[in-house]
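Following: one structure in C-alpha cells, then a few remarks.
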Amino acid sequence: MTIRSALSVTAASLTAALMLSGCVAGEGSATQADAPAPGATSEAEGWSSDTLTVDFATYNPLSLVIKEQGWLEETLGDDVTVEWVQSAGSNKANEALRAGAIDVGSTAGSAALLARANGSPIRTIAVYTQPEWSAIVVPADSPIDSADDLAGTSIAATKGTDPYFFLLQTLEEHGLTLGDVEVQNLQHADGRTALENGSVQAWAGLDPIMADTEVNAGSKLVYRNIDFNTFGFLNATESFLEQSPDLAQVVVDAYEKARAWALENPEETAQILADVAGIDLAIAEKVILERTVIDLDPVPGEAQRSVLEVVGPIFVESGDVSSQEQIDEALDSLFEDSFVTQADAASIAD
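First residue of the sequence shown: 42, per our numbering; consecutive thereafter.
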C-alpha cells in the first residue's frame, strides 16, 4: 500500500484555487533576510535553551513518528530536555502557543490564520500534511442524506478548528447560515460521543476519530470536500523563533526526516497512529493511506495562501474575526519559510 500523492490528489483543486486567488509567487512568505538565521548557535557552542517543548497530535502523524523514534532527544543530547505535550485539537494547540506552554504546535491552516488574525504571535514554519481530515458525519440510521438536509439540525463542532471551518464553508455552499442550525461547541471526541448517543443530529468530524466511528458505529459521511480541509501547519511562537532559531531548525529538520520515513514506511506509520490513538490498525490505515497527503512541498506559500483567502472572509462574516483588514494583515505575516527552505533531514540523529 502507498500513501496518497499530492500530485494525484490535489493538483486540480490547488490549480483552481490559485486561479481564484490571483496571488503571486512567494506572496505572504518571509524572506531569508527577514528571518533569524537558523542554526546560528551550533551544538558545539551550546544550544540556545535547555528545554524544547513541542506538541504531538493524532491529527499530525509526522509528530507521532518523531516522538516514537526519539530523534529530537538523540540530536539534542543531554543538554536539552525535550518535553512533549499532546494537543487534542487545533484550538488546544493555539491556546498552548498563546500561553507559551509549547514552543511549536500543530494546527490546521485555518486555525493558524484565525489565531494570527486575533493577535496570537505565531508564525507557520512548515506544512506537515494536507489531510482530508474533516467531513459532515451523521449516525448510521440518520434520515440526513446530504448537506442540504442540515437546516434545523443540531451539529457538534469544535470552534477554532478545521472541522468547524469546514462546517461554515459547507453551510455557505449549500445556501445555509449558522442561524439555520444549532452548533454545539464540543471537543472532537465529545462530538463523536454526542453523535452516537443522539444528542446531536450531525457532527463536523475529525480523523482518526471520524474513521473510528465510521467503522465501529456505522456512521456516514454525508458531505466530503478536500478543498475545504486546509493544510496541516506547523507553528511556532515568535519569541521562540527569535530566541532559539537553532532549536527551531532542528524541529523542522526532524519533520522532514519524518516525512521521508513515513513515505517509506506507510504501514509502520499507521501502526504508530493506531497505538497512540488507541484505534484498530485498519482505521489508522484508512487515515494514513487514503485521507492524508504527506508527499507535498513543506514550504508554506501560494497553495496555502489561496485556500486561506477563501476561508478568511467567512471568519469575518461569522464574527470570529472583527475585520477583513485583520485577515489581510495575518496572511501577509503568517508564513516564515526560512527554516523549511533549508531543512536538512540528514542532520537529525537516528
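Glycine included, each C-beta is placed from N, C-alpha and C at the ideal position. Only a predicted model underlies this, so the values are computations on that prediction, with no experimental measurement involved.
Here the C-alpha atom of Gly-273 lies approximately 31 Å from the C-alpha atom of Gly-239. DSSP places Thr-165 in the strand class (E or B) of the three-state scheme. In the displayed model, Trp-112 falls within a helix according to three-state DSSP. Between the stretch 92-99 and the stretch 120-140, the count of Cβ pairs shorter than 8 Å is three or higher; the stretches touch. Phe-97: member of the beta strand (DSSP E) spanning 92-97, first to last residue.
The closest CA to that of Asp-231, considering only Glu-223, Ala-198 and Gly-220, is found on Ala-198. Gln-228 and Ser-363 have their C-alpha atoms spaced approximately 24 Å apart.
Buried is the label assigned to Asp-378, since at least 16 other Cβ atoms lie within 10 Å of its Cβ. In the DSSP assignment, Ile-335 falls outside any alpha helix (DSSP H) and lies within the beta strand (DSSP E) extending over 333-336.
DSSP, reduced to helix, strand and coil, places Trp-174 outside both helices and strands of the structure shown, so it counts as coil. If you look at Lys-133, you'll find it in the alpha helix (DSSP H) that goes 131-140. By the criterion of a C-beta distance shorter than 8 Å, Leu-212 is surrounded in its chain by Ala-188, Leu-191, Thr-218, Leu-219, Asp-221 and Val-222, once the five residues flanking it on both sides are discounted. Non-local beta-carbon contacts of Gly-141 in its own chain, meaning distances under 7 Å to residues more than five positions away in sequence, involve Thr-278 in chain order. The count of Cβ pairs closer than 8 Å, one atom from the stretch 311-319 and one from the stretch 162-175, stays below three, leaving the stretches out of contact. Counting only the Cα atoms, Leu-103 lies some 20 Å from Ala-344. The Cβ atoms of Gly-146 and Ala-137 sit closer than 8 Å to each other. Contact check between the stretch 243-254 and the stretch 314-325: three or more CB pairs, one atom from each, fall below 8 Å, which counts as touching. The beta-bridge partner set that DSSP reports for Gly-273 consists of Ala-149 and Thr-170. For Trp-125, the secondary structure class from DSSP, reduced to helix, strand or coil, is strand. Note: Gly-246 is bridge-paired with Ala-176 in the DSSP secondary-structure output. By the beta-carbon neighbour count (other beta carbons within 10 angstroms, threshold 16), Ala-181 is exposed. Between Val-121 and the set Gly-216, Trp-112, Gly-150 and Asp-91, the nearest pair of CA atoms involves Asp-91.
Remark: fewer than three beta-carbon pairs, one from each stretch, lie closer than 8 Å, so the stretch 280-300 and the stretch 354-371 are not flagged as touching.
Judged by beta-carbon spacing, Asn-270 lies beyond the 8 Å limit of Asp-338, meaning their Cβ atoms are not closer than that value. One thing to note: Leu-262 has its Cβ no nearer than 8 Å to the Cβ of Ala-149.
In the structure shown, Gln-383 falls within a coil segment according to DSSP collapsed to helix, strand and coil.
Residues Pro-180, Thr-254, Ala-258 and Ser-260 of the same chain have their beta carbon placed closer than 8 Å to that of Glu-237, with the five preceding and five following residues left out of the count.
In the DSSP assignment, Ile-196 falls within the beta strand (DSSP E) that extends over 195-198. With 16 or more other Cβ atoms from the protein chains shown falling within 10 Å of its own Cβ, Gln-242 counts as buried.
By the CB criterion at 8 Å, Ala-295 and Ile-107 fall inside the cutoff.
At a Cβ-Cβ threshold of 8 Å, Ile-196 and Ala-245 count as neighbours.
Around Ser-285, the same chain offers Ser-89 and Ser-90 as residues with beta carbons nearer than 6 Å, after the five sequence neighbours per side are excluded.
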